[in-house]
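I have placed the structure first, in the form of structure tokens, so that the comments after it can refer back to it.
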Amino acid sequence: MKIGSKYTYLFFILPAILWVIAFTVYPFFFSMYISLTNMNLTRPGIYKLVGLDNYIELFKDDQFWLSFRHTAVFTISVITFQFLFGFFLALLLNRPMKGTSLVRTAVMLPWVLPPVALGLNWQWILRGGQLGLINAVLLQFFRIKPVDWLGFERALLSVISVTVWIGVPFSFMLELSGLQKIPNSLFEAADVDGASAIQKLFHIIIPMMKSTFMINLIMITISTIGYFDIIYALTDGGPNRATEVLPLLMYHRAFKFGNLGEGASVAMVMLLLSLICTFIYLLMFRRKEAEF
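In this text, residue positions in the sequence shown follow this note's numbering: the first is 808, and each later residue adds one.
What follows is the structure, encoded as structure tokens:
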């Protein structure tokens, strides 16, 4: 291909296109196909099309609805607290203060460390009895009896807390970049008019960051619905399915019990949930932009 040809750009984007086809498009359609079969790891190469049977059985399954409820609680909680904490830190660290760069770097650490390693460390921190770090500190300094943080009653709350802690740096980074794009002239004009910090927040910052908020919410939602590694490392869905969300259910059905068809059908439900949430966000922010 000659340099300067109007099709030269295709040569440069071809690797990216091939990558997307190989690792996104093909797996998606193949997973959809598997969800319509009775493919099983115990019968390699022996399977047949069963249509929507996997989906019908899935929606009749009480374990699926339990995992669905856990996913709803987990996703809503993580989205809410990750978004709010990230926004609060972005507002706090957007000001030019001494040591701001160091604090920003410290905030980013949970997001750049390997998730499974973090999960194993948090498993030790939250361990029941006197061997867990939190319980040891509470007992030593406050004489509080050990708490089973990963027990049936508190496991989901602990998993949510760890996930928020890991995800806040992403929201912080995204929302900080949105804050820094707001022209200083708007704040200077607000100062001249005598606007308070609350008025600046609701009349300048939030309206100017709507697109950043939308991207942040979409990214958090998609990643949280499909969140797997930390929950797997902490509890593997236990105890007694107390933290089994849809990604864990998919993993157990497909790879522990070998039923790839059922596992793929769970994956398709997760994809549908992500698409529905994304569509709702787009509608919500478009309506607000029209009102604004």
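Each residue gets a CB set at the ideal place from its N, CA and C atoms; glycine is no exception. Nothing here was measured: the structure is a model prediction, and the numbers come from that model.
Residue i vs residue j beta-carbon contact at 8 Å
{"i": "Val966", "j": "Phe892", "result": "no"}
{"i": "Ile941", "j": "Trp918", "result": "no"}
{"i": "Leu1082", "j": "Ser874", "result": "no"}
{"i": "Thr888", "j": "Val971", "result": "The question names Thr, yet the displayed sequence has Phe at residue 888. Contact flag set, yes."}
{"i": "Ala1071", "j": "Ile863", "result": "no"}
{"i": "Thr849", "j": "Gly1068", "result": "no"}
{"i": "Leu865", "j": "Phe979", "result": "no"}
{"i": "His1059", "j": "Gly1045", "result": "no"}
Separation of residue j from residue i, as counted between CA atoms
{"i": "Asn847", "j": "Val1073", "result": "15 Å"}
{"i": "Leu898", "j": "Glu982", "result": "9 Å"}
{"i": "Met1057", "j": "Asn901", "result": "41 Å"}
{"i": "Ala909", "j": "Lys988", "result": "Strictly speaking, residue 909 in this sequence is Leu, with Ala absent from that position. Roughly 21 Å between the two C-alpha positions."}
{"i": "Gly1001", "j": "Phe994", "result": "10 Å"}
{"i": "Phe837", "j": "Cys1084", "result": "24 Å"}
{"i": "Leu1089", "j": "Phe948", "result": "49 Å"}
{"i": "Ser1003", "j": "Met1016", "result": "19 Å"}
{"i": "Ala943", "j": "Ile932", "result": "9 Å"}
{"i": "Phe818", "j": "Ile1022", "result": "30 Å"}
{"i": "Phe959", "j": "Pro953", "result": "15 Å"}
{"i": "Thr913", "j": "Val885", "result": "Residue identity differs from the one stated: residue 913 is Ala in this sequence, not Thr. Cα-Cα distance, rounded: 21 Å."}
{"i": "Leu821", "j": "Tyr814", "result": "11 Å"}
Cβ-based neighbour list, residue i, same chain, cut-off 7 Å, excluding 5 preceding and 5 following
{"i": "Thr1019", "result": "Leu981, Glu982, Gly985"}
{"i": "Trp929", "result": "Val969, Leu1041"}
DSSP-derived helix/strand/coil call for residue i
{"i": "Thr844", "result": "strand"}
{"i": "Leu891", "result": "helix"}
{"i": "Leu859", "result": "coil"}
{"i": "Asn1023", "result": "helix"}
{"i": "Asn942", "result": "helix"}
{"i": "Asn1066", "result": "strand"}
Classification of residue i by the beta-carbon crowding that lies within 10 angstroms, buried from 16 upward
{"i": "Thr1050", "result": "buried"}
{"i": "Leu1024", "result": "buried"}
{"i": "Thr878", "result": "buried"}
{"i": "Met904", "result": "exposed"}
{"i": "Leu938", "result": "exposed"}
6 Å CB neighbourhood of residue i in its chain, flanking five on each side removed
{"i": "Ile1032", "result": "Thr882, Met1077, Leu1080, Ser1081"}
{"i": "Val923", "result": "Asp1036, Ala1040"}
{"i": "Phe977", "result": "Trp918"}
{"i": "Arg911", "result": "Leu900"}
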